[in-house]
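Following our numbering, the numbering of the sequence shown begins with 377 at its first residue and continues without gaps. Built from N, CA and C at the ideal position, the CB exists for glycine as well. These figures come from a predicted structure and were not determined experimentally.
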Amino acid sequence: MTGEDELPPYRAVLVVDTKEFGGHSDRGQAVLADAIPDVLALAFERAGLAHVWRAALFPHGTGDGFGLGFDTRHLPAVVMRFFDTLQEVLAERDTRFSGAARRVRLRMRASLNVGPVLDPGPGTGSAAAIGGAVITTHRLLDAPEVRDLLTRSDPGQTFLAVVLSQRVFEDVLLTEYARLPPSLLVARRVAVKEYTGTVHLYVPRPSGDLLTHGFGTDEPPRPLGLPEPERPARATNIISGGDFGTAIQVGHLHGGLRHGPER
């Protein structure tokens with residue numbers, strides 16, 4: 377445990393959940409729950425990161441997903457290699473599910489964040505990691521902008537949508553510790569429960585409407601209950617008769633308007 381006057385250690389936090397988990401039968405949910413840690417372990421292994429999975433901090437199932445922490449020094453490798461590999465593993469698993477008279481489909485959202493995390497450790501009577509970074513990582517999975525990525529893509533092609541926190545983007549991508557061009561990510565402002573901020577969306581294999589119309593708009597969310605911002609009034613000017621004179625067109629006018637020589 378960390379002392380009252382000490383900052384908890386910085387940890388990377390990765391959380392995944394499953395699209396439409398509750399829409400499956402009890403049997404289907406059991407199949408998915410068993411498959412989630414299996415595909416994660418395989419993706420870490422194929423990405424050359426099996427050591428990260430084996431040394432995972434505070435690993436925990438969430439029913440429809442899984443969460444874990446790891447040392448921040450592995451963040452560049454996870455950003456560059458893990459997510460693309462997880463997309464491939466999920467596509468392979470989908471083929472296996474479809475060959476067994478399809479009843480389930482495993483498509484995931486993944487959230488990656490970094491920050492101070494209080495890990496209770498063994499013998500404390502609690503297995504839960506504590507801290508705003510952990511809560512935010514879970515919250516981001518529920519952002520409409522993140523959920524929209526799987527809704528608007530081909531379920532037979534796009535199996536993973538990723539949201540990176542602003543802190544991960546700044547510390548890992550802008551510093552070029554990860555050789556993943558920032559142009560492959562799309563910045564969005566999101567508001568979900570008590571969190572409002574900028575995130576960065578990544579889809580290893582975009583398809584469907586994501587290819588046609590992109591990842592959506594980048595307008596900042598307005599707090600509930602606030603009116604739409606006032607838009608400038610439309611001004612129309614019609615001139616007829618003659619080809620001389622002066623036309624003045626304005627939208628909003630504050631104060632007086634004088635035209636012609638001063639008297």
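Considering only residues of the stretch 490-575, which uninterrupted beta strand (DSSP E) runs meet the minimum length of 3 residues and lie entirely inside it, listed in chain order?
Listed in chain order, they are 536-541 and 562-568.
Does the contact criterion of 3 or more C-beta pairs under 8 Å hold for the stretch 444-456 versus the stretch 536-553?
Cβ pair count under 8 Å is three or more, so yes.
What does DSSP give as the partner residue(s) for D393 in the beta ladder?
G441 and R485.
Which residue wins for smallest C-alpha separation from V579, given the options T438, P558 and Y571?
The shortest C-alpha separation from V579 is found at P558.
Which same chain residues, not among the five before or five after L383, have their C-beta less than 7 Å away from its C-beta?
So the list reads P492, once near-sequence residues are dropped.
Do L577 and R564 have their beta-carbon atoms positioned less than 9 Å apart in this structure?
Yes; because the gap between Cβ atoms is below 9 Å, this pair is in contact.
In three-state DSSP terms, what is P435?
Three-state result, P435: strand.
Counting pairs of beta carbons, one from the stretch 478-487 and one from the stretch 516-525, are three or more of them closer than 8 Å?
Touching, yes.
Would you call the CB atoms of R581 and P531 closer than 9 Å?
Cβ distance not < 9 Å, so R581 and P531 don't count as in contact.
Does the separation of the CB atoms of D514 and T461 fall below 9 Å?
Here residue 514 turns out to be His, not Asp, going by the sequence shown. For H514 and T461, no; Cβs fall outside 9 Å.
Given this structure, state the Cα-to-Cα distance separating G507 from Y386, to the nearest angstrom.
Distance between the alpha carbons of G507 and Y386 is about 10 Å.
Below 8 Å on the Cβ atoms is my guess for L444 versus A426; work out the distance and round it to an integer in Å.
Not a contact, Cβ separation roughly 13 Å.
Could you name the residues that DSSP lists as bridge partners for F446?
Note: F446 sits in a beta bridge opposite A388.
Just the Cα atoms here: how many angstroms apart are A505 and D447?
Going from the Cα of A505 to the Cα of D447 covers about 14 Å.
Apply the 10 Å Cβ neighbour rule to R430 and answer buried if 16 or more other Cβ atoms are within range, or exposed otherwise.
Exposed is the call here.
Does the separation of the CB atoms of S474 and S529 fall below 9 Å?
In this structure, S529 does not lie closer than 9 Å to S474 by Cβ.
At what residues does the alpha helix (DSSP H) containing D410 begin and finish?
Its alpha helix (DSSP H) spans residues D402 to R422.
With DSSP run on the structure shown, which of helix, strand or coil describes L577?
In the structure shown, L577 sits in a strand (DSSP, three-state: E or B).
Among Q542, F591 and L560, which residue has its Cα nearest to the Cα of T572?
When each option's Cα is compared against that of T572, the closest is Q542.
Just checking my contact of A419 with V480 at CB under 8 Å: how many whole Å lie between their CB atoms?
Actually they are not in contact, since the Cβ atoms of A419 and V480 sit about 18 Å apart, beyond 8 Å.
Rounded to a whole number of angstroms, what is the C-alpha to C-alpha distance between Q533 and D585?
Near 12 Å, if we compare the C-alpha coordinates of D585 and Q533.
In this structure, does DSSP put V454 in helix, strand or coil?
In the structure shown, V454 sits in a helix (DSSP, three-state: H, G or I).
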